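Working notes, structure below.
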Amino acid sequence: MAVSVAFEGSAEIAEARSMARDFLTSLQAVHGLPVSARAMGMVQLVVSELVTNARKYAPGPCLLDLEVSGGAVEVSVWDSSTTLPSVSSADPDRIGQHGLEIVMAASQTFCVHREPMGKRITATIQLADDPDGDVAGRQLI
1 MAVSVAFEGS
11 AEIAEARSMA
21 RDFLTSLQAV
31 HGLPVSARAM
41 GMVQLVVSEL
51 VTNARKYAPG
61 PCLLDLEVSG
71 GAVEVSVWDS
81 STTLPSVSSA
91 DPDRIGQHGL
101 EIVMAASQTF
111 CVHREPMGKR
121 ITATIQLADD
131 PDGDVAGRQL
141 I
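Residue numbers for the sequence shown follow full-length UniProt numbering, so the first one is 1 and each next one is one higher.
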């Protein structure tokens, strides 16, 4: 199951979060897939951070894709900028610019791909929690 939508304005960040919540709710209600409360919150957070960054740093529209595969949801955001993001080291005194730190902490995988027109950032979040309360190991791709 997958869904895609294009966004052009900053007011649409809340719409992107809402779309992610509706997508996950549909996975549970219609398709019977388990979605933990943690996954519900983390997917919305990752969507919010990635769409916010795309709207803030790239001209033109951005494209949000959500796709379920192997018990996880893949959150992918394309934007028109070819400049790859840099992730700063953790600094609790820094004001702002913690978005990618948050995305990386919330995700099991994180990757950035330059494309012929722009770039795509993809993060994967497990839908169900491990019975021991652990989340699958994180990987940078």
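Just so it is clear, CB atoms sit at the ideal spot from N, CA and C, and this is done for glycine as well. Everything numeric in this text was worked out from a predicted model, so none of it was measured.
DSSP-derived helix/strand/coil call for residue i
i    : result
A128 : coil
E67  : strand
Residue environment, residue i, which counts as buried when at least 16 other CB atoms sit within 10 Å
i    : result
D79  : buried
I121 : buried
K119 : buried
Q28  : exposed
T124 : buried
E8   : exposed
I95  : exposed
Whole-number beta carbon distance between residue j and residue i, since they are thought to touch under 8 angstroms
i   : j    : result
A2  : E67  : 4 angstroms
V35 : V75  : Rounded, the Cβ-Cβ distance is 14 angstroms, inconsistent with contact.
A54 : C62  : 4 angstroms
M42 : A106 : 5 angstroms
Counting only runs that start and end within the UniProt domain "Histidine kinase/HSP90-like ATPase" (11-124), where is the beta strand (DSSP E) found for 3 or more residues in a row?
Under the rule that a run must span 3 or more residues, the beta strand (DSSP E) segments found entirely inside the UniProt domain "Histidine kinase/HSP90-like ATPase" (11-124) read 62-69, 72-79 and 109-115.
Could you say if the stretch 109-119 and the stretch 18-26 meet the contact criterion of at least three C-beta pairs nearer than 8 angstroms?
They do not touch, by the three-pair rule.
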